[in-house]
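>
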Amino acid sequence: MKIELNKRVLSEEIDPDVEKKIITNEDAIIHYNALKDRLRANFRKEIFHKVDNIRILKEIKDNEYYKLDGYKSFDAFIKNYNIAKTQAYAYLKLAAALQEG
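Quick note, my numbering runs 670 ahead of the 1-based positions in the sequence shown.
(1) For ILE753, which of helix, strand or coil comes out of DSSP?
(2) Taking the straight line between their C-alpha atoms, what separation do you get for ASP707 and ILE717?
(3) Could you tell me the alpha carbon to alpha carbon distance between LYS720 and GLN757, rounded to whole angstroms?
(4) Could you tell me the distance, in whole angstroms, from the CA atom of ARG725 to the CA atom of GLU696?
(5) The alpha helix (DSSP H) spanning GLU696 covers which residue range?
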């Protein structure tokens, strides 16, 4: 029994992560503006999530919700989430400032 393998021709798919060749100055400006828009959107998301995390940590600490999971202290809770103690308390300080307005 003889088995023959057929050569496969794979079409060249365009990888969206590969840098596109920019032909004209106008194309460069359009591409640059799109990149700036994406950057702004990403920063907004990051800031929103950070502020939300700060508020969540404050509520968990203030209401001692961490005890519901059997943690004896807030420090034990944040250690489980790989949050540095200094960072967590800096966040709590910010949360207090946000709450005051």
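Note that beta-carbon positions come from the ideal geometry of N, C-alpha and C, so glycine has one too.
Please read all numbers here as calculations on a predicted model, not as lab measurements.
To lay it out plainly:
(1) In the three-state scheme derived from DSSP, where H, G and I count as helix and E and B as strand, ILE753 is classed as coil.
(2) Approximately 15 Å, taken between the alpha carbons.
(3) In a straight line, the C-alpha of LYS720 is about 12 Å away from that of GLN757.
(4) Spanning the two alpha carbons is a distance of roughly 44 Å.
(5) GLU696 -> alpha helix (DSSP H) spans 695 to 732.
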